[in-house]
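Beneath this line is the structure, given in C-alpha coordinates, with notes to follow.
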Amino acid sequence: MTVRKIKNSWWVDFRVDYTRYRKRSPENSRLGAQAYEATLRHKLAFGLPIENAQRVAARTQTFETFAKKWFDEYVIPNNKLSERHSKNDILRASLLPFFGRMPIGQITARDIERYKAHTARQGVANKTINNRLTVLRKCLATAYEWLDLDGVPPEIEWLKCTPPKTDYLTKEECERLLAHAKGIVHDLILMALQTGMRQGELKGLQWSSIDWSTHTIVVRHSKNDWSETLDTPKSNRERFIPISNELYDTLCKRRMASGYVFLDKDGSPFTGARLTRRLDRVCARAGLRHIGWHTLRHTFASQLAMRGAPLGAIQALLGHSSITMTMRYAHMAPSALRSAIDLLNLGKPQAWATGGQPTA
(Lines of atoms letter the chains of each structure in order from A and count residues from 1; the text may use other names and numbers.)
(Lines give C-alpha, C1' and ligand atoms only; values in the text may rest on other atoms or scores of the structure.)
Protein backbone atom coordinates (compact mmCIF):
# COMPACT_ATOMS: atom_id res chain seq x y z
CA MET A 1 0.00 0.00 0.00
CA THR A 2 1.54 3.30 -1.10
CA VAL A 3 -1.03 5.63 0.45
CA ARG A 4 -2.21 5.24 4.02
CA LYS A 5 -4.00 7.13 6.75
CA ILE A 6 -2.02 7.76 9.94
CA LYS A 7 -3.69 9.61 12.83
CA ASN A 8 -6.27 11.34 10.62
CA SER A 9 -3.69 12.37 8.00
CA TRP A 10 -3.13 10.81 4.57
CA TRP A 11 0.47 9.86 3.72
CA VAL A 12 2.32 8.51 0.70
CA ASP A 13 4.88 5.79 1.39
CA PHE A 14 6.84 4.27 -1.51
CA ARG A 15 10.35 3.35 -2.65
CA VAL A 16 12.30 4.35 -5.74
CA ASP A 17 15.78 2.90 -6.38
CA TYR A 18 15.94 1.53 -2.83
CA THR A 19 15.15 4.97 -1.33
CA ARG A 20 12.02 5.31 0.80
CA TYR A 21 9.82 8.37 0.44
CA ARG A 22 7.27 8.88 3.20
CA LYS A 23 5.45 12.21 3.17
CA ARG A 24 2.20 13.75 4.35
CA SER A 25 -0.17 14.59 1.53
CA PRO A 26 -0.96 18.33 1.19
CA GLU A 27 -4.56 17.33 0.35
CA ASN A 28 -5.92 15.24 3.20
CA SER A 29 -7.86 12.59 1.29
CA ARG A 30 -7.16 9.24 -0.38
CA LEU A 31 -7.49 10.70 -3.87
CA GLY A 32 -5.35 13.68 -2.89
CA ALA A 33 -2.63 11.38 -1.56
CA GLN A 34 -2.72 9.28 -4.74
CA ALA A 35 -2.37 12.40 -6.87
CA TYR A 36 0.50 13.62 -4.66
CA GLU A 37 2.29 10.29 -5.04
CA ALA A 38 1.96 10.51 -8.83
CA THR A 39 3.47 14.01 -8.76
CA LEU A 40 6.42 12.85 -6.64
CA ARG A 41 7.09 9.83 -8.86
CA HIS A 42 7.01 12.06 -11.96
CA LYS A 43 9.61 14.43 -10.46
CA LEU A 44 11.87 11.56 -9.43
CA ALA A 45 11.61 9.98 -12.88
CA PHE A 46 12.97 13.18 -14.46
CA GLY A 47 15.63 13.69 -11.80
CA LEU A 48 13.93 16.72 -10.28
CA PRO A 49 14.24 17.56 -6.59
CA ILE A 50 11.00 17.00 -4.70
CA GLU A 51 11.83 19.67 -2.12
CA ASN A 52 13.44 23.07 -2.40
CA ALA A 53 16.69 23.84 -0.57
CA GLN A 54 15.01 26.12 1.98
CA ARG A 55 12.59 23.37 3.01
CA VAL A 56 15.41 20.83 3.30
CA ALA A 57 17.40 23.20 5.50
CA ALA A 58 14.40 23.74 7.76
CA ARG A 59 13.95 20.00 8.19
CA THR A 60 17.59 19.35 9.02
CA GLN A 61 18.02 22.07 11.65
CA THR A 62 19.32 20.99 15.03
CA PHE A 63 17.21 20.51 18.13
CA GLU A 64 18.90 23.55 19.69
CA THR A 65 18.00 25.82 16.77
CA PHE A 66 14.37 24.73 16.71
CA ALA A 67 14.00 24.69 20.51
CA LYS A 68 14.97 28.37 20.70
CA LYS A 69 12.43 29.24 18.02
CA TRP A 70 9.80 27.05 19.75
CA PHE A 71 10.39 28.80 23.05
CA ASP A 72 10.05 32.28 21.52
CA GLU A 73 7.07 31.53 19.27
CA TYR A 74 5.13 28.97 21.32
CA VAL A 75 6.13 28.87 24.98
CA ILE A 76 6.20 32.63 25.61
CA PRO A 77 2.81 33.38 24.02
CA ASN A 78 1.03 30.36 25.53
CA ASN A 79 2.52 29.91 29.01
CA LYS A 80 2.44 31.83 32.27
CA LEU A 81 5.68 33.40 33.46
CA SER A 82 6.35 30.67 36.03
CA GLU A 83 5.84 27.99 33.37
CA ARG A 84 8.20 29.81 31.00
CA HIS A 85 10.91 29.86 33.66
CA SER A 86 10.41 26.15 34.32
CA LYS A 87 10.58 25.15 30.63
CA ASN A 88 13.57 27.41 30.04
CA ASP A 89 15.44 25.78 32.94
CA ILE A 90 14.63 22.29 31.61
CA LEU A 91 15.82 23.17 28.11
CA ARG A 92 18.97 24.99 29.20
CA ALA A 93 20.14 22.59 31.92
CA SER A 94 19.10 19.20 30.54
CA LEU A 95 17.60 18.86 27.06
CA LEU A 96 19.93 21.13 25.07
CA PRO A 97 23.16 19.63 26.45
CA PHE A 98 22.00 16.16 25.38
CA PHE A 99 19.92 16.69 22.20
CA GLY A 100 21.20 20.12 21.13
CA ARG A 101 23.37 19.13 18.16
CA MET A 102 21.08 16.38 16.83
CA PRO A 103 18.99 17.13 13.73
CA ILE A 104 15.53 17.37 15.22
CA GLY A 105 13.97 15.12 12.58
CA GLN A 106 16.48 12.37 13.36
CA ILE A 107 15.88 12.07 17.11
CA THR A 108 14.66 8.53 17.68
CA ALA A 109 13.01 6.60 20.48
CA ARG A 110 16.41 5.01 21.19
CA ASP A 111 17.97 8.47 21.65
CA ILE A 112 15.26 9.25 24.18
CA GLU A 113 15.91 5.99 26.04
CA ARG A 114 19.62 6.92 26.15
CA TYR A 115 18.68 10.30 27.59
CA LYS A 116 16.52 8.65 30.28
CA ALA A 117 19.35 6.29 31.26
CA HIS A 118 21.90 9.12 31.27
CA THR A 119 19.71 11.31 33.47
CA ALA A 120 18.84 8.48 35.85
CA ARG A 121 22.56 7.79 36.39
CA GLN A 122 22.88 11.38 37.59
CA GLY A 123 20.47 10.56 40.41
CA VAL A 124 17.52 12.49 39.01
CA ALA A 125 14.15 11.26 40.28
CA ASN A 126 11.76 9.55 37.86
CA LYS A 127 9.12 12.24 38.37
CA THR A 128 11.62 14.94 37.41
CA ILE A 129 12.71 12.98 34.34
CA ASN A 130 9.07 12.65 33.27
CA ASN A 131 8.60 16.40 33.66
CA ARG A 132 11.55 16.98 31.33
CA LEU A 133 10.24 14.42 28.86
CA THR A 134 6.93 16.29 28.76
CA VAL A 135 8.75 19.38 27.50
CA LEU A 136 10.71 17.29 24.99
CA ARG A 137 7.56 15.62 23.68
CA LYS A 138 5.77 18.93 23.08
CA CYS A 139 8.81 20.44 21.39
CA LEU A 140 9.18 17.44 19.05
CA ALA A 141 5.46 17.35 18.25
CA THR A 142 5.56 21.04 17.32
CA ALA A 143 8.63 20.47 15.13
CA TYR A 144 6.91 17.70 13.18
CA GLU A 145 3.91 19.98 12.66
CA TRP A 146 5.74 23.21 11.81
CA LEU A 147 8.50 21.66 9.69
CA ASP A 148 6.29 18.99 8.10
CA LEU A 149 8.81 16.30 9.04
CA ASP A 150 8.38 12.83 7.63
CA GLY A 151 6.74 10.21 9.81
CA VAL A 152 5.51 10.86 13.33
CA PRO A 153 7.32 12.01 16.49
CA PRO A 154 9.11 9.22 18.37
CA GLU A 155 7.03 7.62 21.09
CA ILE A 156 8.04 8.28 24.68
CA GLU A 157 7.59 5.72 27.44
CA TRP A 158 7.13 7.34 30.83
CA LEU A 159 9.06 6.12 33.84
CA LYS A 160 7.09 4.60 36.69
CA CYS A 161 6.88 6.80 39.76
CA THR A 162 6.08 5.88 43.31
CA PRO A 163 2.94 7.62 44.59
CA PRO A 164 3.89 10.91 46.29
CA LYS A 165 3.73 10.92 50.08
CA THR A 166 1.20 13.37 51.43
CA ASP A 167 2.37 15.02 54.64
CA TYR A 168 -0.28 16.74 56.72
CA LEU A 169 -0.81 17.96 60.28
CA THR A 170 -3.11 16.39 62.81
CA LYS A 171 -5.79 18.46 64.50
CA GLU A 172 -3.59 18.77 67.60
CA GLU A 173 -0.57 19.86 65.52
CA CYS A 174 -2.69 22.52 63.79
CA GLU A 175 -3.74 23.90 67.18
CA ARG A 176 -0.13 23.91 68.39
CA LEU A 177 1.05 25.67 65.22
CA LEU A 178 -1.57 28.40 65.52
CA ALA A 179 -0.91 28.81 69.25
CA HIS A 180 2.74 29.69 68.55
CA ALA A 181 2.00 32.04 65.62
CA LYS A 182 1.35 35.73 66.07
CA GLY A 183 0.01 38.66 64.08
CA ILE A 184 -0.12 38.45 60.30
CA VAL A 185 1.68 35.08 60.22
CA HIS A 186 -1.06 33.60 62.43
CA ASP A 187 -3.68 34.89 59.99
CA LEU A 188 -1.76 33.49 57.03
CA ILE A 189 -1.50 30.03 58.61
CA LEU A 190 -5.19 30.08 59.56
CA MET A 191 -6.10 31.07 56.01
CA ALA A 192 -4.00 28.24 54.57
CA LEU A 193 -5.43 25.65 56.96
CA GLN A 194 -9.05 26.67 56.38
CA THR A 195 -9.02 27.38 52.63
CA GLY A 196 -6.27 25.18 51.14
CA MET A 197 -5.00 28.09 49.05
CA ARG A 198 -1.62 27.77 47.35
CA GLN A 199 1.29 29.90 48.52
CA GLY A 200 1.11 32.18 45.47
CA GLU A 201 -2.63 32.63 46.00
CA LEU A 202 -2.08 33.60 49.64
CA LYS A 203 0.58 36.13 48.64
CA GLY A 204 -1.64 37.64 45.95
CA LEU A 205 -4.98 37.68 47.78
CA GLN A 206 -6.72 41.06 47.50
CA TRP A 207 -9.33 42.54 49.84
CA SER A 208 -11.55 43.03 46.80
CA SER A 209 -11.59 39.23 46.34
CA ILE A 210 -13.46 38.71 49.62
CA ASP A 211 -17.24 38.78 49.40
CA TRP A 212 -18.28 39.78 52.90
CA SER A 213 -21.99 39.31 52.25
CA THR A 214 -21.67 35.66 51.22
CA HIS A 215 -18.62 34.83 53.39
CA THR A 216 -16.70 33.72 50.28
CA ILE A 217 -13.19 34.16 48.90
CA VAL A 218 -12.85 34.41 45.13
CA VAL A 219 -9.43 33.01 44.19
CA ARG A 220 -8.51 34.96 41.07
CA HIS A 221 -4.86 35.98 41.66
CA SER A 222 -1.49 34.39 42.30
CA LYS A 223 1.56 36.53 43.05
CA ASN A 224 4.62 35.76 40.96
CA ASP A 225 7.96 36.36 42.71
CA TRP A 226 9.89 36.64 39.43
CA SER A 227 7.83 39.43 37.94
CA GLU A 228 6.48 40.76 41.26
CA THR A 229 3.07 40.99 39.61
CA LEU A 230 -0.30 39.32 39.99
CA ASP A 231 -0.97 36.39 37.68
CA THR A 232 -3.87 33.96 37.32
CA PRO A 233 -4.10 30.88 39.58
CA LYS A 234 -2.48 27.64 38.49
CA SER A 235 -5.71 26.36 36.94
CA ASN A 236 -6.16 29.63 35.02
CA ARG A 237 -9.69 30.00 36.33
CA GLU A 238 -11.40 31.48 39.36
CA ARG A 239 -12.72 29.35 42.19
CA PHE A 240 -14.87 30.12 45.20
CA ILE A 241 -14.04 29.09 48.77
CA PRO A 242 -16.52 29.62 51.63
CA ILE A 243 -15.00 31.26 54.72
CA SER A 244 -15.35 29.63 58.14
CA ASN A 245 -16.71 31.71 61.01
CA GLU A 246 -13.32 31.77 62.74
CA LEU A 247 -11.54 32.99 59.62
CA TYR A 248 -14.27 35.54 58.89
CA ASP A 249 -13.94 37.07 62.36
CA THR A 250 -10.14 37.15 62.04
CA LEU A 251 -10.26 38.94 58.69
CA CYS A 252 -12.91 41.42 59.85
CA LYS A 253 -10.49 42.79 62.44
CA ARG A 254 -8.15 43.96 59.66
CA ARG A 255 -10.74 44.62 56.95
CA MET A 256 -9.78 47.17 54.27
CA ALA A 257 -11.34 48.32 51.03
CA SER A 258 -8.51 47.33 48.68
CA GLY A 259 -4.92 46.17 48.42
CA TYR A 260 -3.14 43.02 49.55
CA VAL A 261 -4.72 41.12 52.43
CA PHE A 262 -1.33 40.00 53.73
CA LEU A 263 1.56 42.46 53.97
CA ASP A 264 4.87 42.04 55.80
CA LYS A 265 5.99 44.29 58.65
CA ASP A 266 7.58 46.74 56.21
CA GLY A 267 4.30 47.08 54.30
CA SER A 268 5.47 45.12 51.24
CA PRO A 269 3.82 41.98 49.81
CA PHE A 270 5.26 38.66 50.96
CA THR A 271 7.68 36.68 48.83
CA GLY A 272 8.04 32.91 48.89
CA ALA A 273 11.35 33.18 50.74
CA ARG A 274 9.86 35.40 53.44
CA LEU A 275 6.90 33.07 53.95
CA THR A 276 9.24 30.09 54.27
CA ARG A 277 11.31 31.82 56.96
CA ARG A 278 8.20 32.84 58.92
CA LEU A 279 6.77 29.31 58.88
CA ASP A 280 10.11 27.78 59.85
CA ARG A 281 10.27 30.01 62.95
CA VAL A 282 6.75 29.12 64.03
CA CYS A 283 7.44 25.39 63.59
CA ALA A 284 10.59 25.72 65.70
CA ARG A 285 8.71 27.49 68.50
CA ALA A 286 5.92 24.90 68.34
CA GLY A 287 8.36 21.98 68.37
CA LEU A 288 7.03 20.65 65.07
CA ARG A 289 8.92 19.07 62.20
CA HIS A 290 9.90 21.23 59.24
CA ILE A 291 6.95 21.69 56.89
CA GLY A 292 6.22 23.86 53.86
CA TRP A 293 3.19 25.96 53.06
CA HIS A 294 1.97 23.23 50.73
CA THR A 295 1.73 20.93 53.75
CA LEU A 296 -0.97 23.24 55.09
CA ARG A 297 -2.85 22.80 51.79
CA HIS A 298 -2.56 19.02 52.19
CA THR A 299 -3.80 19.38 55.76
CA PHE A 300 -6.90 21.25 54.62
CA ALA A 301 -7.78 18.52 52.10
CA SER A 302 -6.89 15.65 54.43
CA GLN A 303 -9.03 16.98 57.28
CA LEU A 304 -11.98 17.38 54.91
CA ALA A 305 -11.57 13.84 53.57
CA MET A 306 -11.33 12.34 57.06
CA ARG A 307 -14.56 14.12 58.01
CA GLY A 308 -16.44 12.68 55.07
CA ALA A 309 -16.37 15.54 52.51
CA PRO A 310 -17.02 14.29 48.95
CA LEU A 311 -13.91 14.15 46.78
CA GLY A 312 -15.67 16.26 44.15
CA ALA A 313 -16.14 19.06 46.68
CA ILE A 314 -12.48 18.82 47.74
CA GLN A 315 -11.43 18.99 44.09
CA ALA A 316 -13.46 22.17 43.57
CA LEU A 317 -12.10 23.81 46.72
CA LEU A 318 -8.48 22.99 45.83
CA GLY A 319 -8.87 23.99 42.19
CA HIS A 320 -7.62 20.67 40.80
CA SER A 321 -8.24 20.40 37.05
CA SER A 322 -8.53 16.61 37.34
CA ILE A 323 -10.04 14.38 40.02
CA THR A 324 -6.88 12.24 39.69
CA MET A 325 -4.96 14.79 41.77
CA THR A 326 -7.65 14.74 44.46
CA MET A 327 -7.69 10.92 44.67
CA ARG A 328 -4.51 11.03 46.79
CA TYR A 329 -6.81 11.90 49.72
CA ALA A 330 -9.30 9.07 49.08
CA HIS A 331 -7.67 6.68 51.53
CA MET A 332 -8.14 9.21 54.32
CA ALA A 333 -11.88 8.57 54.40
CA PRO A 334 -11.90 5.18 56.22
CA SER A 335 -15.51 5.60 57.34
CA ALA A 336 -16.68 5.61 53.72
CA LEU A 337 -14.60 2.53 52.92
CA ARG A 338 -15.89 0.77 56.04
CA SER A 339 -19.48 1.53 55.05
CA ALA A 340 -18.83 -0.12 51.69
CA ILE A 341 -17.39 -3.27 53.25
CA ASP A 342 -20.22 -3.40 55.79
CA LEU A 343 -22.58 -4.01 52.89
CA LEU A 344 -21.11 -7.53 52.76
CA ASN A 345 -22.18 -8.06 56.36
CA LEU A 346 -25.86 -7.38 55.81
CA GLY A 347 -27.90 -10.23 57.26
CA LYS A 348 -24.81 -11.90 58.74
CA PRO A 349 -24.18 -11.63 62.49
CA GLN A 350 -20.70 -10.48 63.48
CA ALA A 351 -18.33 -12.98 65.10
CA TRP A 352 -18.34 -11.06 68.38
CA ALA A 353 -22.15 -11.44 68.58
CA THR A 354 -21.96 -15.26 68.56
CA GLY A 355 -18.85 -15.70 70.66
CA GLY A 356 -16.88 -16.39 67.49
CA GLN A 357 -18.75 -19.66 66.90
CA PRO A 358 -20.79 -20.56 63.79
CA THR A 359 -24.54 -19.99 64.23
CA ALA A 360 -25.57 -23.10 62.23
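According to our numbering, the residues represented by the sequence shown are 720 to 1079, in order. Here a beta-carbon is modelled for each residue, glycine too, at the ideal position from N, C-alpha and C.
Label residue 1060 either buried or exposed according to how many other C-beta atoms from any shown protein chain fall within 10 Å of its C-beta, with 16 as the threshold for buried. Your numbering for residue 1060 matches position 341 in the sequence shown. Exposed, since its Cβ has fewer than 16 Cβ neighbours within 10 Å.
For residue 724, the first and last residue of its enclosing beta strand (DSSP E) | Stepping through the sequence shown from its first residue, residue 724 is reached at position 5. 722-725 is the extent of the beta strand (DSSP E) around residue 724.
- Query: Helix, strand or coil: how does DSSP classify residue 823 here?
  - Reply: Numbered from 1 along the sequence shown, position 104 holds the residue referred to as residue 823. Three-state result, residue 823: helix.
*Apart from the five residues just before and just after residue 1034, which ones in its own chain have a Cβ nearer than 7 Å to its Cβ?*
Start at 1 with the first residue of the sequence shown, and residue 1034 comes out as number 315. 1042 and 1045, listed in sequence order.
Output the boundary residues of the alpha helix (DSSP H) element that contains residue 875. Along the sequence shown, one-based indexing puts residue 875 at 156. Careful: residue 875 lies outside any alpha helix (DSSP H) and carries neither H nor E.
* Put residue 737 into one of helix, strand or coil per three-state DSSP. => As a working note, residue 737 is residue 18 in the sequence shown. Correct three-state label for residue 737: coil.
Is residue 733 closer than 9 Å to residue 759 when the C-beta atoms are compared?
On the sequence shown, position 40 is the one that residue 759 refers to. On the sequence shown, position 14 is the one that residue 733 refers to. For residue 759 and residue 733, yes; Cβs fall inside 9 Å.
query: Are residue 862 and residue 931 closer than 9 Å when you measure CB to CB?
result: Your numbering for residue 862 matches position 143 in the sequence shown. Your numbering for residue 931 matches position 212 in the sequence shown. No.
| Are the Cβ atoms of residue 955 and residue 919 separated by less than 9 Å? | Numbered from 1 along the sequence shown, position 236 holds the residue referred to as residue 955. Numbered from 1 along the sequence shown, position 200 holds the residue referred to as residue 919. Not in contact: residue 955 and residue 919 (Cβ atoms no closer than 9 Å).
How long is the line joining the alpha carbons of residue 809 and residue 854, rounded to whole angstroms? Taking the first residue of the sequence shown as 1, we reach residue 809 at position 90. Taking the first residue of the sequence shown as 1, we reach residue 854 at position 135. Between residue 809 and residue 854, the C-alpha separation is close to 8 Å.
Could you give the first and the last residue of the continuous beta strand (DSSP E) run that contains residue 960? Locating residue 960 in the sequence shown gives position 241, counting from the first residue. Residue 960: member of the beta strand (DSSP E) spanning 958-961, first to last residue.
Notebook entry, point to check: Applying the criterion that 16 or more other CB atoms from any shown protein chain within 10 Å of the CB defines a buried residue, is residue 737 buried or exposed?
Noted result: Here residue 737 is taken as the residue at index 18 of the sequence shown, counted from 1. Here residue 737 is exposed: its Cβ has fewer than 16 other Cβ atoms, across all protein chains shown, within 10 Å.
Distance CB(residue 1001)-CB(residue 896) smaller than 9 Å:
Taking the sequence shown and counting its residues from 1, the one referred to as residue 1001 is at position 282. Taking the sequence shown and counting its residues from 1, the one referred to as residue 896 is at position 177. Contact flag set, yes.
Worksheet item: Taking the alpha carbon of residue 835 as the point to measure from, which residue in 876, 803 and 870 has its own alpha carbon closest?
Response: Position 116 of the sequence shown, counted from the start, is the residue given in the question as residue 835. It is 876.
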